[in-house]
Amino acid sequence: MTQQPHIKLNDGQIMPQLGLGVWQADNKQVISAVETALDAGYRAIDTAAIYENEEGVGSALHNASLPREELFITTKLWNNRHGSQAPQQALEESLIKLKLDYVDLYLIHWPVPQQGKFVETWKALIKLKEQGLIKSIGVSNFNSSHIQKLLDETGVSPTVNQIELHPLFQQRQMHSWNATHHIATESWSPLAQGGDGVFDHAIITALSIKYGKTPAQIVIRWHLDNGLLVIPKSVTPARIRENFNVLDFRLDKDELGKIATLDISKRLGPDPETFKLGID
Ligand code: NAD
Numbered sequence: 008m009t010q011q012p013h014i015k016l017n018d019g020q021i022m023p024q025l026g027l028g029v030w031q032a033d034n035k036q037v038i039s040a041v042e043t044a045l046d047a048g049y050r051a052i053d054t055a056a057i058y059e060n061e062e063g064v065g066s067a068l069h070n071a072s073l074p075r076e077e078l079f080i081t082t083k084l085w086n087n088r089h090g091s092q093a094p095q096q097a098l099e100e101s102l103i104k105l106k107l108d109y110v111d112l113y114l115i116h117w118p119v120p121q122q123g124k125f126v127e128t129w130k131a132l133i134k135l136k137e138q139g140l141i142k143s144i145g146v147s148n149f150n151s152s153h154i155q156k157l158l159d160e161t162g163v164s165p166t167v168n169q170i171e172l173h174p175l176f177q178q179r180q181m182h183s184w185n186a187t188h189h190i191a192t193e194s195w196s197p198l199a200q201g202g203d204g205v206f207d208h209a210i211i212t213a214l215s216i217k218y219g220k221t222p223a224q225i226v227i228r229w230h231l232d233n234g235l236l237v238i239p240k241s242v243t244p245a246r247i248r249e250n251f252n253v254l255d256f257r258l259d260k261d262e263l264g265k266i267a268t269l270d271i272s273k274r275l276g277p278d279p280e281t282f283k284l285g286i287d
């Protein structure tokens, strides 16, 4: 197996490009999923306080006894913990559940612009990083105007912007804006949640035959070859392994161009401008 690819973040930290997503996996499922993933070679895990499975992730990490510096653990601050004070306690709760002294990446999960607190929240994250509780700070579901506001008011750039991104919703403009600002783009729902006809599309199945890889592997490779961080989710051992077995081939420019034609601007998740779950 080829060595797994990494991305150097704008604060100098090194992040594995391919990780395991664990949304909608309960505490019990997530233990075996993370154990299988670590065994398969994954070192990055993407969880969030709202997934209510940080405890299971923590148990699996603890059981694996890998050197801490080999792991890259992301968690996220939920919408009802924005503000200048609340993030500290929220992070401390996450760290206890994860059984960690620090997280590698802490993201503001959603901007919740109606709440008007994401700038003070960002200032709180900057302080928590200074205290050593976080290695890198970033955002999720932020659009360019939200990030510009962070830059204008603090001068501190997010390292990562984790956004919905898959072949049906390629977010080329946001990806390019992030890149111009040296912010790494991370794709959530990278497999379009396993549905919506992506795996059956003729362009994907043709590449699948050409490379002797599954449609999911072709899609994951597409993210990697576009320079995206990617966190496919599965709790099925064979799929967890399959999704990591993508390091021995590459798509060429022409093939990436073909997949680019699948974009139909189809969002599967909520719109960040209006999403405010947790604060109602
Ligand atoms: P995904 O696109 O990764 O799809 C996961 C689904 O695809 C699985 O449940 C399974 O049904 C199917 N699948 C997985 N591997 C497969 C394979 N090899 N063959 C066939 N089918 C396969 O969807 P997701 O879970 O929504 O996104 C991935 C991760 O992104 C999440 O687990 C979470 O960590 C993160 N996420 C973040 C946000 C955010 O707001 N920041 C939102 C959603 C998800």
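Every number in the numbering used here is 7 more than the matching position in the sequence shown, counting from 1. Backbone N, C-alpha and C fix where the C-beta goes; we use that ideal spot for every residue, glycine too. Just so it is clear, the structure is predicted and the values come from calculations on it, not from any experiment.
| Mapping DSSP to helix, strand and coil, what is T166? | Residue state, collapsed to three classes: coil.
| task | Give the C-beta separation of A40 and I247 to the nearest angstrom, bearing in mind that I take them to be a contact with Cβ-Cβ under 8 Å. | result | Right, their Cβ atoms sit about 6 Å apart.
| task | Identify which residue in A55, W129, H153, Q224 has its Cα closest to the Cα of L105. | result | Closest by alpha carbon: A55.
| Helix or strand or just coil, what does DSSP make of A191? | Here A191 sits in strand by DSSP.
| field | Minimum length 3: unbroken beta strand (DSSP E) runs contained in the segment 92-117 | value | Counting only runs of 3+ residues, the beta strand (DSSP E) found wholly inside the segment 92-117 occupies 110-115, in chain order.
| query | DSSP state of P244, grouped into three classes? | reply | DSSP places P244 within a helical segment (H, G or I) once states are collapsed to three.
| request: Leaving aside the five residues before and after G65 along the sequence, list all residues of the same chain whose C-beta is less than 6 Å from its C-beta, in chain order. | output: Closer than 6 Å at Cβ, skipping near neighbours: K104, L105, K106.
| task | With a 10 Å radius around its C-beta and 16 neighbouring C-beta atoms as the bar for buried, classify A245 as buried or exposed. | result | Here A245 is exposed. Its C-beta has fewer than 16 other C-beta atoms within 10 Å.
| said: Quick check on the DSSP output: the alpha helix (DSSP H) that includes S290 runs from which residue to which? | reply: Here the chain comprises residues numbered 8 to 287, so residue 290 is not present and cannot be evaluated.
| Of the choices P118, K130, I211, whose alpha-carbon is the least far from that of E285? | A small fix is needed here, since residue 285 is Gly in this sequence, not Glu. From the listed residues P118, K130, I211, the smallest Cα separation to G285 is found for P118.
| query | Which whole-angstrom value describes the C-beta separation of G145 and Q169, a residue pair presumed to lie in contact below a C-beta threshold of 8 Å? | reply | Yes, they are in contact, since the Cβ atoms of G145 and Q169 sit about 7 Å apart, within 8 Å.
| query | Mind checking whether A191 and T166 have CB atoms under 9 Å apart? | reply | In terms of Cβ geometry, A191 and T166 form a close pair [threshold 9 Å].
| request: Indicate, with yes or no, if the ligand NAD has a heavy atom lying under 8 Å from the CB of F149. | output: Incorrect: F149 has no Cβ contact closer than 8 Å to the ligand NAD.
| Secondary structure of E59, DSSP reduced to three states | Three-state DSSP puts E59 in coil, outside helix and strand.
| field | Span of the alpha helix (DSSP H), counted from its first residue to its last, around D261 | value | Here the alpha helix (DSSP H) through D261 covers 260-267.
| Exposed or buried, what is Q180 when buried is set at 16 or more other beta-carbons lying within 10 Å of its beta-carbon? | Under the 10 Å beta carbon count, Q180 is surrounded by fewer than 16 other beta carbons and is classified as exposed.
| task | State yes or no: is the C-beta of I225 within less than 9 Å of the C-beta of L254? | result | Note that the C-beta distance between I225 and L254 is not below 9 Å.
| said: Could you pull the DSSP bridge partners for I216 from this structure? | reply: Bridge partners of I216: none, in fact.
| message | Less than 9 Å between the beta carbons of L78 and I38, yes or no? | response | L78 places its beta carbon 9 Å or farther from that of I38.
| Are D203 and L172 closer than 9 Å when you measure CB to CB? | No, they are not a contact pair.
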